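Step one of this worksheet: look at the structure below.
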Amino acid sequence: MNDSVREEEKGGGIRADPNPEVPAWQASQQLYESRQSLQLEKCSYIFQQALTNASITDFIIVEHNDYIGGRVVGADFGKQSDGSPYRIELGANWIHGLVGEFENPVWILAQKYNLKHQIQDFDNLLSYNETGQIDIDDIWDAFEEASDSAAVEAGRLLKENVQDQTARTGFALAGWSPESDDMAAALVEWFGWDFSNGVAPEVSSFIFGITGENITYGLFGEDEPLVIDPRGYTTIIQGEAHTFLNGHNDPRLLLNTVVTNISWSDHGVTIHNEDGSCISAAYAINTFSLGVHQHGSVSYTPELPTWKQTAIQSFGMATYTKIFLQFPSTWWPEDIEFFGYASPNSRGYYPMFQSLSHPDFLPDSNIMFVTVTEEQAYRVERQSNEETQAEIMVVLKEMFPNITIPEPTAILYPRWSQEPWARGSYSYWPPSTSLQMHQNLRANVGRMFYAGEHISGQFYGFLHGSWYSGREMGERVAGLHGKKCLGSAGEPDIEACGELKHYEILEGVTPEQDYDTENGWAIDSVELENLDGEDPFGNISLM
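The sequence shown begins at 85 in the working numbering and counts up by one.
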């Protein structure tokens, strides 16, 4: 089961660049950094790095939190034998693909900073239900077969411009249509789809949900290391930021700064902050997360145009929650990486446990974590750590009925949808949402540009999607400053420079003349209240 494991991406903020002059490739590099800090407000670090490389230092980074990194954030947790804590990742945790036809830019940074990691074996998994361990290899095989067929079909639909459908429909047509009470199949499906996408197949685009992963693993290979560096995943962000900032006391870095309003026009951008300060700039790059955009935490003057607001609300923000527990001992099989639980009552109820105490990760740490998504994630966010721990212990005792399981000594998990600077973990592509709608999500308004994982059409939801999005927008803004602009492929390309196209109106696929009785639409553009008792269907009274 080479299923992908998407992580909580970082991404929010505002990058304000008062007087930018920067070569395109440098701008893109810098933009990636800034987007790394996902806060409600904050400027892009790649963009600023590029400015510094071009001897331009007149920029400001606005950061909501007291650190750089956003959803790439770790925490001290539990205790080692010497009493010091372990470092765990609350947000982004994996590198999705290393080297294939191309080298993943996040992997390049991981090597640059000697980031400690370990490739996961997603086949090293045992399955359980409320009675203990179960053998469901035949179900795993059936899902993998359907997934392979679905991947081919999604590519065909995209290439031939066939209407999109839900991932649920796509899998059913590929031969995967389990009964609603088949909870073992629900576990397999959750691990094969939700574990990566953060939401169920019913609310996911079939075409773009599959194509996005096909592109990532097709380009970068299927290896997915889990980051286990005691310095934290954010090491790569801190390291790059310090190449152009003079530490956290650099006056160009405004930590703990909350943006409340952004005034934008074709002539510049002004950012108003909660503390009463404001920043005026020639251009800004907005890296708020999609969830922050949707929540309306920041007002805009003038209001964003309808086409932009519609695009923002048309895409989805997943919540992906990892719950960490440390025990007095490693009482579970030490050589197994994953433990799946098929709840008898609820799909996705504490469905997948991962061992960090495995010899290849944090040996003898006695730490495991369980992942929940969507409604189950919202549910645990609303309850206390103690309530969540009690529920997990019931599940573990069902999975391992012959083991006396000790109580955890520590528990920790984030509440992503409740964080005002995040409002979720990473974006997903809903069904029947077009590429043109996503282009409207990407497009600038006036001199305010957008970057972040949700802005990447091909790599949305991935950390490297944030990188590529930042690179592109850095190139575009650099070009607007009269500097040489390189296309995203590294070659001059006017389409990859300057402002982005958008669509004022996105038409549907059904013209008015097709709303007729032949297509089962008998009313023919007549409002019901104006029918005066006439029955367009012939025998059904509307009164």
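Glycine included, C-beta positions come from ideal geometry on N, C-alpha and C. All values reported here derive from a predicted model rather than from experimental measurement.
Separation of LYS163 and HIS586 (C-alpha to C-alpha, rounded to the nearest whole angstrom) is 52 Å.
Sequence-distant partners of HIS379 (beyond 5 residues in either direction) whose C-beta falls short of 7 Å from its own C-beta, in its chain, are ARG507. Within the region 165-204, the complete beta strand (DSSP E) segments at least 3 residues long are 170-173, 201-203, listed from N- to C-terminus. DSSP, read as helix, strand or coil, puts LYS406 in strand.
In the same chain as ILE203, and ignoring 5 residues on each side of it, the C-beta atoms closer than 6 Å to its own belong to ASP307, PRO309, in chain order. The shortest C-alpha to C-alpha distance from PHE543 to any of ASN450, ASN528, LEU303, GLN322 is the one to LEU303. With a contact defined as Cβ atoms closer than 8 Å, VAL561 and ILE369 qualify at about 7 Å. Cβ atoms of LEU182 and VAL157 stay farther apart than 8 Å, at about 23 Å. In the three-state reduction of the DSSP assignment, GLY158 falls in the strand class. Judged by DSSP secondary structure, VAL146 falls outside any alpha helix (DSSP H) and instead within the beta strand (DSSP E) spanning 144-146. The three-state reading of DSSP puts PHE423 in strand, counting E and B together.
Rounded to whole angstroms, the separation of the alpha carbons of ALA402 and ARG463 is 14 Å.
One Cα belongs to GLN597, the other to TYR384, and the distance between them is close to 39 Å. A straight line joining the alpha-carbon of GLU465 with that of SER361 spans about 33 Å. An exposed status is given to SER413, since fewer than 16 other beta-carbon atoms sit within 10 Å of its beta-carbon. Leaving aside the five residues that flank GLU358 on each side, the residues in its chain whose CB is nearer than 7 Å to its CB run, in chain order, VAL342, THR344. Taking a contact as a CB-CB distance under 8 Å, the pair GLU458 and ALA284 counts as one, their CB atoms being some 6 Å apart.
Burial is judged here by how many other beta carbons sit within 10 angstroms of a residue's own beta carbon; ASN245 has fewer than 16 and is exposed. GLU421 is positioned such that its CB atom lies no closer than 8 Å to that of SER398. Secondary structure remark: continuous beta strand (DSSP E) runs of at least 3 residues inside the region 422-474, in chain order: 422-425, 436-439, 451-457. Positions of the alpha helix (DSSP H) runs, each at least 4 residues long and wholly inside the region 492-530, are given as 519-526 in order along the chain. In the structure shown, PHE227 adopts helical secondary structure according to DSSP, grouped into three states. Residue pairing of PRO389 in beta bridges, as defined by DSSP: absent, with no partner found. Take the alpha-carbon of ASN330 and the one of ARG336: they are about 9 Å apart. For the pair of segments examined, the region 471-483 was found not to touch the region 310-321: the number of CB pairs separated by less than 8 Å stays below three.
If you check the CB distance, GLY545 and SER511 come in under 8 Å.
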